[in-house]
Every structure is written in structure tokens, then in C-alpha cells.
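Peer 1: Whatever position you read off the sequence shown (first residue = 1), add 4 for the working numbering. For each residue, glycine too, the CB sits at the ideal point set by N, CA and C. Here the structure is a predicted model, which means the values were calculated and not measured.
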Amino acid sequence: MHNKRSSYNSKHRTPHMLMQQMIEFNALNNPASTALLAGDEVLSYAAFDQHCNQLANGLRALGLQAGERVAVLAKNSPRYPMLMVACMKAELTLVPLNYRLAPQELKFILEDCGASMLVTGDAELRAAADASTATGNIAHCYTLEGTRPGWQDFATLLNAPCERPAHSGRRDGVVFQLYTSGTTGLPKGVMIGHEQLTNGYVMSNHIPPRCQIGHTGIMPLPLFHVAGLAAALFWLCSGYKVQLMADFVPQEIVDAIVASDSCDSVLVPAMIQAILAFVPDIQRYDFSPLQRITYGASPISIEVLQQAIGIFKCDFVQGYGMTELSCMVLGLQASDHQRALNGEAHLLRSCGRPLPGAELKVVDDNGIEVASGETGELLIRSSTAMMGYWNQPDKTSETLVDGWLRTGDAGYADDEGFFYIRDRVKDMIVSGGENIYPAEIENVLFSHPGIQDVAVIAVPDDKFGEAALAVCVLKPDATATSAELIAFCQERLASYKTPRRYEFVQEIPRNPSGKILKRVMREPYWQNTERRVG
5 MHNKRSSYNS KHRTPHMLMQ QMIEFNALNN PASTALLAGD EVLSYAAFDQ HCNQLANGLR
65 ALGLQAGERV AVLAKNSPRY PMLMVACMKA ELTLVPLNYR LAPQELKFIL EDCGASMLVT
125 GDAELRAAAD ASTATGNIAH CYTLEGTRPG WQDFATLLNA PCERPAHSGR RDGVVFQLYT
185 SGTTGLPKGV MIGHEQLTNG YVMSNHIPPR CQIGHTGIMP LPLFHVAGLA AALFWLCSGY
245 KVQLMADFVP QEIVDAIVAS DSCDSVLVPA MIQAILAFVP DIQRYDFSPL QRITYGASPI
305 SIEVLQQAIG IFKCDFVQGY GMTELSCMVL GLQASDHQRA LNGEAHLLRS CGRPLPGAEL
365 KVVDDNGIEV ASGETGELLI RSSTAMMGYW NQPDKTSETL VDGWLRTGDA GYADDEGFFY
425 IRDRVKDMIV SGGENIYPAE IENVLFSHPG IQDVAVIAVP DDKFGEAALA VCVLKPDATA
485 TSAELIAFCQ ERLASYKTPR RYEFVQEIPR NPSGKILKRV MREPYWQNTE RRVG
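1) Which residue's Cα is closest to the Cα of residue 362: 382, 346, 376, 369?
2) Just mark residue 316 as buried or exposed, buried being the case when its beta carbon has 16 or more other beta carbons within 10 Å.
3) Ignore the nearest five residues each way along the sequence and tell me which others in residue 400's own chain have a CB closer than 6 Å to its CB.
4) Between residue 460 and the rest of its own chain, which residues show a CB-CB distance below 6 Å, the 5 nearest in sequence each way excluded?
5) Just reading off the alpha helix (DSSP H) that residue 269 is part of, what are its end residues?
6) Just how far apart, CA to CA, sit residue 293 and residue 131?
7) Tell me where the alpha helix (DSSP H) around residue 56 begins and ends.
8) Please report how far the alpha carbon of residue 97 lies from the alpha carbon of residue 111, in whole angstroms.
9) Within its chain, find whatever has a CB closer than 8 Å to the CB of residue 272; leave out the 5 residues flanking it on each side and keep chain order.
10) Are the beta-carbon atoms of residue 122 and residue 114 separated by less than 8 Å?
11) In or out: residue 322 buried (at least 16 other Cβ within 10 Å) or exposed?
12) How is residue 541 classed by DSSP in three states: helix, strand or coil?
13) Touch check for the stretch 420-435 and the stretch 335-355: three-plus C-beta pairs under 8 Å?
14) Nearest by alpha-carbon distance to residue 276: which of 264, 95, 253 is it?
15) With DSSP collapsed to three states, give me the class of residue 468.
16) So for residue 408, helix, strand or coil by DSSP?
17) Taking contact to mean 3 or more Cβ pairs, one atom from each stretch, closer than 8 Å, check whether the stretch 154-171 and the stretch 52-70 are in contact.
18) What did DSSP end up calling residue 23 once you bin it into helix, strand or coil?
19) Decide if residue 503 is buried, meaning its Cβ has at least 16 other Cβ atoms within 10 Å, or exposed.
20) Is the separation between the beta-carbon of residue 134 and that of residue 193 shorter than 8 Å?
21) So, helix, strand or coil for residue 513, using DSSP?
22) With distances taken between CB atoms, is the gap from residue 367 to residue 377 smaller than 8 Å?
23) Which of the three DSSP states, helix, strand or coil, is assigned to residue 339?
24) For residue 13, count neighbouring Cβ atoms within 10 angstroms of its own Cβ and tell me buried if that reaches 16, exposed if not.
25) Are residue 270 and residue 312 close, meaning C-beta to C-beta below 8 Å?
26) Which one of 221, 287, 521, 507 has the shortest CA to CA distance from residue 249?
27) Note down, one range per segment and in chain order, each beta strand (DSSP E) of at least 3 residues found wholly within the stretch 129-154.
28) With which residues is residue 280 paired in a DSSP beta bridge?
29) Once DSSP output is grouped into helix, strand and coil, what is the label at residue 12?
30) Just list the residues that DSSP pairs residue 423 with in beta bridges.
31) Checking 8 Å against the spacing of the C-beta atoms, do residue 68 and residue 136 come in under that value?
32) Name the residue from 409, 408, 426 whose alpha carbon lies nearest to the alpha carbon of residue 416.
33) Report yes if the C-beta distance between residue 304 and residue 352 is below 8 Å; otherwise report no.
34) On a CA-only basis, which of 100, 387, 262 is nearest residue 360? Give me that one, please.
35) Three or more C-beta pairs under 8 Å: does that hold for the stretch 85-95 against the stretch 21-30?
36) Am I right that residue 279 and residue 258 are in contact with their C-beta atoms under 8 Å? What's the rounded C-beta distance?
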């Protein structure tokens, strides 16, 4: 008889298990090991799995059916991964929301995904309330920190039975729906399923060294971001102790490293720089527990890497990925970083080489593969590539072509297979690890009564790699200051999307067909650099 219960009594983890089944495996075989640590809150694998079962049963008791969307707007806390795993057990789709988005941005996403439920933290309650009220179609609203007017207490869902909920065993459901903006300025829902996650987990295990149960994973990246979400989930599947940080505070990262027995962390280069710059007397700390730092979103300079290795004395790995790829698929391994330190500094400009299970090719404008050293668009074929964009088949078919995912990154591969980014095919800014689409900012600025024309471009930034510069043409007799435009954008956009720099010009350069010549506009800012991106 086919057993639909998601129950695993085996002593051997297999690659055919779903993510929640690997965590159940850890709860069965290492029940007392710590799964989650955040401040004074500690949860063992047994307790974590039990809470996930209770939450899954509680969600089903609300009448939520398989495939319905549950949105979460909150900072990192133990209840976030609990909700992630509970939704898997209940066969629901989790929609993580960026808590830095403005209410009208959140409203669009909630309406687009058709969320039946919204879970929020206290700090995000006002934005969540504004967005959910404007949406009007959310049946269940819960807060993580108790009852609030019009909102239910998340803790009541944990009063449900703790038995493991029955599972259909289907692997074709959407586990996560992550939103990424596009060149139109409207976010797209990236659908990630069980197969993508399982394959990503297997792929991640090809990055040496593989650590043992009880090893700590320090997570300051927000779980709404694919890098933070995937790393935390993969760590839980491997039996790690996952230490969640609600906010990035350099001193807290250092303290967590020093207090652990052995640990890894996932950071962006700006975080590494902040730790080195703002932790007093950093040389006095014993960082011997730190085994590896995985970083991504932007390259690291040779100067920062040399300083960081001198301080931390651990392995460094750079990962390249994107929301549409579910996890990192290219890796610049620790051995590659050592080569860079030993005289091959050019390797630090690379994103690395494909991990096992991923393939790379570089093509010209006609889709024809180019030779090593020639620039073109990077295409990735990987079993981790998204299922598609939610309700956007045309956008899906534009991005997924004959099994290859078009990344929108332009660059070249060398004879060893290392890929180097030189520019972007699509109009996008990457600032501090966050993707920013100029079209979204331009749409907002065009709604300002004093703006006649505008173009937003990427310019170099020492701290974040890139920053947005808004080049504006004012209407006749109109006046507007940078401070005024900053305030205008902050009311309508997430803070990290709001340009802090503005230039006022008489005309935006365009070609005969009216297309803005952004490459020409960017050129003066990127002179004397090999890359045209940060």
C-alpha cells in the first residue's frame, strides 16, 4: 500500500528525499542537536520538527488547500524557517516578502500571487496592514508577536496536533514564490519547486569542505532573499545549527563566530568590509572556529580579500546565482582564491566555474555560442532553474530557451571555464547585493509633477559596488531639488531603491528611434575600469 505519510525512519539520508523529509531525518536521528538559535531562543531538531508539524496542521485547520499562497513579511526569527518547512508539509506555497518594500509595492505582490494568508512581524505590521487593507483579498492575517487589532496570534496555530501531516508525495508543487523586479518595473513571481531545491542541495554539497552535524551556520542575510533562504534551508537539511540574525550588526557577527565551536557564514562583500572597518581591535579576536565565508552578489577586491584572509584565516568561496536559478550555480572555490593570492589576481574578477549539475555557455545576439574570450550573454543550463514566472508564460519563454536560462549578464569565459562579467544585457543595478531595476524608479519619478524626462543609471559606489543615479529633465518653469525627489521616492519605493544622487540636465540622449542611450550615459563614470558593473 502506498504510504502518503511523510515519515522517514531510515538511518540513511537519500537524494530522493524532499527538503522537509531531510529535516525529519535529522529530528529522528539527532533529536537533541540544535536546529535554530536566535538570541536566547534555542530549538532542537526534535522540537523544531514538532513545531513544524503543529503549524502545518494549524494551517490546514484554517481550510488552506494545497497550492494556496501564504505570504510572510518579517525579519529573521526561528518562526520564519518554521513557516517555510510547515508550508512544505502542508503543501502550501510560501511567498517571502522583502520587508524594505513600500506598501504599494507589497500590495502589487499580494494581489499578483493571490495570497490567502499574510504573516508579519511587529516591525512590519504597519506596512503589512496598509498593503493587506488595500488588497482586500487576504482571508487570514497573523502576527508573529501576539494579537493585534484585526490580526490573529501566530502562536495559536501551534496548538494544533503534533502528528506529522499526511503528504501526497507529489514533487511538482511550487514550494516558494519569490518576487524579482523586471525591466518593466513590475515584479515577477519566480516559482521554485521541490526538484529545484533538492537538486540545489545536492549541488551545494560539491563545495568543500562538507561539515558535520552541529556545525553552526551564521545567517545575517534576510530569508526573503534567495541566497539566505536557500543557505538556511540547506543547512537545516545537513543538520547544522542555524544562527539567525534579525539585522546585520558587525559586532554581533564577530561575537557569534568567536562563541561557536565551528562555523560558516554567508555574507555580501559590503558586509565583509563593514566587519573589517567597524569592529574595534578586530585583530584581537580568535576566529579559529570560522571555516568558510561564502559571499556573492558582487566581486571582492584583492585588497579587501587579503585583509579578510589575514584576519579570519578561513576559506573564501564566491557564489554566482540569481532568483531564477534557486541557488548558486557557479563557484569561485577556496583553491581559486588561493591562486589569486599567489599571483593570479585576475581570478577575483571571475564568478567562478559551473558546479556539478550546471552548464555554462556564452552566446551572441543571435544565440550562437562564441569562442573563449569573446563577450556575449551568459546562459545557464541547470536542474535548479525555476519552474517559470507566475502567470507570465511569455516572460517565462523569453527567459527559458531550449532548457537554457538567459541570465542577462554579459561577459566571457576563459580557457579554464571561469566566467567574467563585463556588463549587463538587461537594464539592472546591483547595489549591496540587491537587484534594482531602473524602470521601476523611472516610473515613480515620471509621476512627479516637475519631471519631464528621466533616466536612471548605475554608477560606481565604494561601499555597495553600484548605486543608482537619476538624471532628470525638469518641466519648463518647474523646480525640484535632490532632497525633494528623495522624499518623493521614499514614499513610493523601498529605501534601497531610492536614488541618493540626482543630476539635472537639459536633455536625455536618445537614438533616432527614441531609445535612451544609457551605455553612453554610464561611460564617463566607468572610465578606466575593465568592468562596466560594480
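Peer 2: Answer, in terms of the structure:
1) Counting from 1 along the sequence shown, the entry for residue 362 is found at position 358. Comparing alpha carbon positions, the residue from 382, 346, 376, 369 closest to residue 362 is 382.
2) Taking the first residue of the sequence shown as 1, we reach residue 316 at position 312. Label assigned to residue 316: buried.
3) What you label residue 400 is simply residue 396 of the sequence shown in a count that begins at 1. 392, 393, listed in sequence order.
4) In the sequence shown, the residue the question calls residue 460 occupies position 456. 442, 445, 446, 472, 474.
5) The residue labelled residue 269 in the question sits at position 265 within the sequence shown. No alpha helix (DSSP H) contains residue 269, which is instead part of the beta strand (DSSP E) from 267-271.
6) For the purposes of this step, residue 293 is identified with residue 289 of the sequence shown, where counting begins at 1. For the purposes of this step, residue 131 is identified with residue 127 of the sequence shown, where counting begins at 1. In this structure, the alpha-carbon of residue 293 lies about 39 Å from that of residue 131.
7) Here residue 56 refers to the residue found at position 52 when the sequence shown is read from its first residue. Taken as a continuous stretch (DSSP letters only), the alpha helix (DSSP H) holding residue 56 covers 49-65.
8) Counting from one through the sequence shown, the residue named residue 97 turns up at place 93. Counting from one through the sequence shown, the residue named residue 111 turns up at place 107. The straight-line gap from Cα to Cα measures roughly 18 Å.
9) Within the sequence shown, the letter at position 268 stands for residue 272. The residues are 225, 299, 300, 301, 302, 436, 437.
10) Numbered from its first residue, the sequence shown carries residue 122 at position 118. Numbered from its first residue, the sequence shown carries residue 114 at position 110. Yes; because the gap between Cβ atoms is below 8 Å, this pair is in contact.
11) In the sequence shown, the residue the question calls residue 322 occupies position 318. Buried.
12) One cannot answer for residue 541 here, as it falls past the ends of the chain, which runs 5 to 538.
13) Yes, the stretch 420-435 is in contact with the stretch 335-355.
14) Taking the first residue of the sequence shown as 1, we reach residue 276 at position 272. Selected option, being the one with the closest Cα: 253.
15) Taking the first residue of the sequence shown as position 1, residue 468 is located at position 464. In the structure shown, residue 468 sits in coil (DSSP, three-state: anything other than H, G, I, E or B).
16) Here residue 408 refers to the residue found at position 404 of the sequence shown. Strand at residue 408.
17) Segments in contact, yes.
18) Numbered from its first residue, the sequence shown carries residue 23 at position 19. Of the three classes helix, strand and coil, the one that applies to residue 23 here is helix, per DSSP.
19) In the sequence shown, the residue the question calls residue 503 occupies position 499. Under this definition residue 503 is a buried residue.
20) Numbered from its first residue, the sequence shown carries residue 134 at position 130. Numbered from its first residue, the sequence shown carries residue 193 at position 189. Result no, Cβ atoms of residue 134 and residue 193 do not sit closer than 8 Å.
21) Residue numbering aside, residue 513 sits at position 509 when the sequence shown is read from its first letter. In this structure, residue 513 counts as coil in the three-state DSSP scheme.
22) The sequence position of residue 367 within the sequence shown is 363, counting from 1. The sequence position of residue 377 within the sequence shown is 373, counting from 1. With contacts defined as CB atoms closer than 8 Å, residue 367 and residue 377 fail to qualify as a contacting pair.
23) The sequence position of residue 339 within the sequence shown is 335, counting from 1. Helix.
24) Position 9 of the sequence shown, counting from 1, holds the residue named residue 13. Bear in mind that the predicted position of residue 13 carries a pLDDT of just 45, short of 50, making it unreliable; the figure below should be weighed with that in mind. When all chains shown are included, residue 13 counts as exposed.
25) By one-based count along the sequence shown, residue 270 stands at place 266. By one-based count along the sequence shown, residue 312 stands at place 308. Not closer than 8 Å, so no.
26) On the sequence shown, position 245 is the one that residue 249 refers to. Cα-wise, what sits closest to residue 249 is 221.
27) Qualifying beta strand (DSSP E) stretches, in chain order: 144-147.
28) Counting from 1 along the sequence shown, the entry for residue 280 is found at position 276. Here residue 280 is not bridged, per DSSP, to any residue.
29) Translated into the one-based positions of the sequence shown, residue 12 becomes position 8. For residue 12, the predicted structure reports a pLDDT of 44, less than 50, and the residue's modelled location is therefore unreliable. The matter cannot be settled from this model.
30) Position 419 of the sequence shown, counted from the start, is the residue given in the question as residue 423. For residue 423, the pairing in a beta bridge is given by DSSP as 356, 417.
31) The residue given as residue 68 occupies position 64 in the sequence shown. The residue given as residue 136 occupies position 132 in the sequence shown. Residue 68 places its beta carbon 8 Å or farther from that of residue 136.
32) What you label residue 416 is simply residue 412 of the sequence shown in a count that begins at 1. Residue 426 holds the alpha-carbon nearest to the alpha-carbon of residue 416 among 409, 408, 426.
33) Stepping through the sequence shown from its first residue, residue 304 is reached at position 300. Stepping through the sequence shown from its first residue, residue 352 is reached at position 348. Residue 352 is positioned such that its CB atom lies closer than 8 Å to that of residue 304.
34) By 1-based counting over the sequence shown, the position of residue 360 is 356. Closest option to residue 360, judged by alpha-carbon separation, among 100, 387, 262: 387.
35) The answer is yes - the stretch 21-30 touches the stretch 85-95, with three or more Cβ pairs under 8 Å.
36) As a first step, residue 279 is located in the sequence shown; it is residue number 275 there, counting from the start. As a first step, residue 258 is located in the sequence shown; it is residue number 254 there, counting from the start. Right, their Cβ atoms sit about 7 Å apart.
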